[in-house]
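Colleague:
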């Protein structure tokens, strides 16, 4: 007979049955990420960083439970069930907390129906006003973008919306992609790549090359959530057009296979070009500066028009024939309120190696996009991937610590494949990246202050493209 659980029971002594029940509660909606972020070392520092969380996330592909693996690992520190329940209550995972120690969960929460209990939890969530980021009214850019319609329900289906996009039949898209030929486009097929929410194929419409994304869950996500990603992408693209945002041409929703059709980007993604995929030549420093400027302009446009991208990364920055940066993948984008930018979500989404600390806690704020952009700037400088398990440090953003500790300099990490890199302009871009990567979101600059047209920097004629401002101002 199993001993009853008490607050002093060690987590490492929980039996398999209890662990399985806990994972049933915590694995869905990625509650384990919230738990991992809440676990601290005795010093008060985070026990798990983005790399650890990425490792737990990879277990999903093998059919394992990240919750169980997380508890196995944490259990080696002699943590107790009482410690675990305290954290579960703190992050508002009341059901698994009640499973372990029913008396430790507030009675008001246990006695209310789920919908009302969520309201109570929201009411009692601690909120420090000084940590909130406020939005100041900003002038509109010259490109067309309508602010989000706050009167429309979030779940309004896009099929009932009036959009400017062409509605393709799935049969048409099968025809233009050679029945979604799975052979790589570089080998004569049509497959161009894949992401978290689908596979992209090359197609041809009226002698014009297009990119067709066939949506499908590459990660654990329900059909309904996938449909929400589809609707969200179209809603954002229907109201926002800018030279640094990818152009959506049409969509298909007449079958179980949802598809989005985009303008074709001949130079692929920034991720692929930095890694010189398929033997392509390395990007020059001049081109990297142009990409950084364009990406910043795209993010600025989104933020000034009250949108938060939530998944800024080099794989989502596409390059046209002139290497102009085009931000893509708006399925995770959220509209932000005009005055209070920080909101909470129960579903933590995005790419871990680029995610800001507050994003891992479920906060949605424009400053998280700034953090992700800081990682992209490091990629541009170094030519290295954001994460690599066979490299030290494994997370690219950790080079910032090595540089601050004076173990190395940014010159030690500058991509040697570039022949035109100027040390002064590299240092200036690293300064921008460093400030974007500040742990505290309110200490990061607004995107409008990262790159400015009024204050430019040119490295003695070496890089004739307007570079980033040397003079930073961060919001209080």
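In the UniProt record's numbering, the protein residues as written are 1 to 476. Just so you know, even glycine gets a beta-carbon here, dropped at the ideal spot from N, CA and C.
What is the DSSP secondary structure of residue 423, counted as helix, strand or coil?
Modeller: Here residue 423 refers to the residue found at position 423 when the chain shown is read from its first residue. Helix, per DSSP.
Colleague: At the level of alpha carbons, what is the spacing between residue 418 and residue 222?
Modeller: Position 418 of the chain shown, counting from 1, holds the residue named residue 418. Position 222 of the chain shown, counting from 1, holds the residue named residue 222. If you take the alpha carbons of residue 418 and residue 222, they lie about 43 Å apart.
Colleague: Specify, as a first and last residue, the run of the beta strand (DSSP E) that residue 214 falls within.
Modeller: For the purposes of this step, residue 214 is taken as residue 214 along the chain shown, with counting starting at 1. It spans 208-215 - the beta strand (DSSP E) in which residue 214 sits, taken as one unbroken run.
Colleague: Just to confirm the assignment: which complete alpha helix (DSSP H) runs, minimum length 4, are found wholly within the stretch 379-430?
Modeller: Correct list: 399-404, 410-413.
Colleague: In or out: residue 256 buried (at least 16 other Cβ within 10 Å) or exposed?
Modeller: Residue 256 sits at position 256 when you count from the first residue of the chain shown. Residue 256 should be labelled exposed.
Colleague: State the start and end residues of the unbroken beta strand (DSSP E) segment that holds residue 222.
Modeller: On the chain shown, residue 222 is found 222 positions in, with the first residue counted as 1. Where residue 222 is concerned, there is no enclosing beta strand (DSSP E), given that its DSSP letter is neither H nor E.
Colleague: Looking at residue 53 and residue 352, is the spacing between their C-beta atoms short of 7 Å?
Modeller: Residue 352 sits at position 352 when you count from the first residue of the chain shown. Residue 53 sits at position 53 when you count from the first residue of the chain shown. A contact, by the Cβ cut-off of 7 Å.
Colleague: Does residue 6 pass the burial test, meaning 16 or more other C-beta atoms within 10 Å, or should it be called exposed?
Modeller: By 1-based counting over the chain shown, the position of residue 6 is 6. Residue 6 is exposed by the Cβ-count criterion.
Colleague: In whole angstroms, what separates the C-alpha of residue 207 from that of residue 276?
Modeller: Position 207 of the chain shown, counting from 1, holds the residue named residue 207. Position 276 of the chain shown, counting from 1, holds the residue named residue 276. Rounded to the nearest angstrom, the two C-alpha atoms are 28 Å apart.
Colleague: What are the residues that DSSP puts in a beta bridge with residue 357?
Modeller: The residue you call residue 357 lines up with position 357 of the chain shown. According to DSSP, which records beta bridges pairwise, residue 357 is partnered with nothing at all.
Colleague: Return the residue from the list 299, 323, 31 that minimises the CA-CA distance to residue 285.
Modeller: On the chain shown, position 285 is the one that residue 285 refers to. Checking every option, the nearest Cα to that of residue 285 belongs to 323.
Colleague: What are the start and end residues of the beta strand (DSSP E) that includes residue 191?
Modeller: Taking the chain shown and counting its residues from 1, one reaches residue 191 at position 191. First-last of the beta strand (DSSP E) with residue 191: 191-195.
Colleague: Out of curiosity, what's the CA-to-CA distance linking residue 306 and residue 183?
Modeller: Locating residue 306 in the chain shown gives position 306, where the first residue counts as 1. Locating residue 183 in the chain shown gives position 183, where the first residue counts as 1. The alpha-carbon atoms of residue 306 and residue 183 are separated by roughly 40 Å.
Colleague: From the DSSP output, in three-state form, read off residue 80 for me.
Modeller: In the chain shown, the residue the question calls residue 80 occupies position 80. Three-state DSSP puts residue 80 in a strand.
Colleague: What's the C-alpha gap between residue 246 and residue 10?
Modeller: Counting from 1 along the chain shown, the entry for residue 246 is found at position 246. Counting from 1 along the chain shown, the entry for residue 10 is found at position 10. Cα to Cα, residue 246 sits roughly 52 Å from residue 10.
Colleague: Runs of 4 residues minimum, wholly inside the stretch 30-112: which ones carry the alpha helix (DSSP H) assignment?
Modeller: Correct list: 31-38, 50-58, 66-75, 81-90, 94-100, 107-111.
Colleague: Threshold first: 4 residues or longer. Then list the alpha helix (DSSP H) segments lying entirely within the stretch 288-319, N to C.
Modeller: None, since the stretch 288-319 contains no complete alpha helix (DSSP H) of that length.
Colleague: For the alpha helix (DSSP H) holding residue 174, just list the boundary residues, first then last.
Modeller: Against the chain shown, residue 174 aligns to sequence position 174. Element bounds for residue 174: 170-176.
Colleague: What does residue 538 pair with, by DSSP beta-bridge criteria?
Modeller: As shown, the chain starts at 1 and ends at 476. That puts residue 538 outside it, with no answer to give.
Colleague: Are the Cβ atoms of residue 51 and residue 394 separated by less than 7 Å?
Modeller: Translated into the one-based positions of the chain shown, residue 51 becomes position 51. Translated into the one-based positions of the chain shown, residue 394 becomes position 394. Yes.
Colleague: By DSSP, does residue 266 sit in helix, in strand, or in coil?
Modeller: Here residue 266 is taken as the residue at index 266 of the chain shown, counted from 1. In this structure, residue 266 counts as coil in the three-state DSSP scheme.
Colleague: Quick one: using the 10 Å Cβ neighbour count with 16 as the cut-off for buried, is residue 438 buried or exposed?
Modeller: On the chain shown, position 438 is the one that residue 438 refers to. Residue 438 should be labelled buried.
Colleague: Roughly how many whole angstroms lie between the Cα atoms of residue 41 and residue 79?
Modeller: Here residue 41 refers to the residue found at position 41 when the chain shown is read from its first residue. Here residue 79 refers to the residue found at position 79 when the chain shown is read from its first residue. Approximately 11 Å between the Cα atoms of the pair.
Colleague: Between the stretch 57-68 and the stretch 393-409, are three or more C-beta pairs nearer than 8 Å?
Modeller: Judged by Cβ distances under 8 Å, the stretch 57-68 makes no contact with the stretch 393-409, as fewer than three pairs qualify.
Colleague: Out of 244, 249, 243, point me to the one whose CA is closest to residue 235's CA.
Modeller: Numbered from its first residue, the chain shown carries residue 235 at position 235. The shortest C-alpha separation from residue 235 is found at 249.
Colleague: Buried or exposed: where does residue 66 fall if 16 or more other Cβ atoms within 10 Å of its Cβ makes it buried?
Modeller: Stepping through the chain shown from its first residue, residue 66 is reached at position 66. When all chains shown are included, residue 66 counts as buried.
Colleague: From the DSSP output, which residues share a beta bridge with residue 166?
Modeller: Mapped onto the chain shown, residue 166 falls at position 166. Note: residue 166 sits in a beta bridge opposite 250.
Colleague: Out of 12, 225, 87, 4, point me to the one whose CA is closest to residue 33's CA.
Modeller: On the chain shown, residue 33 is found 33 positions in, with the first residue counted as 1. Comparing Cα-Cα distances from residue 33 to each of 12, 225, 87, 4, the minimum goes to 87.
Colleague: Please classify residue 37 as buried or exposed, where buried requires at least 16 other C-beta atoms within 10 Å of its C-beta.
Modeller: Residue mapping note: residue 37 aligns to position 37 of the chain shown, counting from 1. Its Cβ being crowded by 16 or more others within 10 Å, residue 37 is buried.
Colleague: Check residue 377 in the structure and name its three-state DSSP category.
Modeller: On the chain shown, position 377 is the one that residue 377 refers to. Looking at residue 377 - three-state DSSP - the assignment turns out to be helix.
Colleague: How is residue 436 classed by DSSP in three states: helix, strand or coil?
Modeller: As a first step, residue 436 must be located in the chain shown, where it is residue number 436. Here residue 436 sits in helix by DSSP.
Colleague: Which residue's Cα is closest to the Cα of residue 317: 374, 291, 84, 435?
Modeller: As a first step, residue 317 is located in the chain shown; it is residue number 317 there, counting from the start. For the residues 374, 291, 84, 435, the minimum Cα distance to residue 317 belongs to 291.
Colleague: Enumerate in chain order the residues of its own chain whose CB-to-CB distance from residue 176 is below 8 Å, with the five nearest sequence positions on each side excluded.
Modeller: Taking the chain shown and counting its residues from 1, the one referred to as residue 176 is at position 176. The answer, listed in chain order, is 203, 204, 205, 210, 212.
Colleague: Output yes or no for whether 7 Å exceeds the beta carbon distance between residue 410 and residue 296.
Modeller: Mapped onto the chain shown, residue 410 falls at position 410. Mapped onto the chain shown, residue 296 falls at position 296. No, the Cβ-Cβ distance between residue 410 and residue 296 is not below 7 Å.
Colleague: Quick one: is residue 445 buried, meaning 16 or more other Cβ sit within 10 Å of its Cβ, or exposed?
Modeller: In the chain shown, residue 445 corresponds to position 445, counting from 1. The residue is buried, with at least 16 neighbouring Cβ atoms inside 10 Å.
Colleague: When the Cα of residue 313 is compared with those of 304, 321, 303, 328, which residue comes out closest?
Modeller: For the purposes of this step, residue 313 is taken as residue 313 along the chain shown, with counting starting at 1. When only C-alpha atoms are compared, the closest one is 328.
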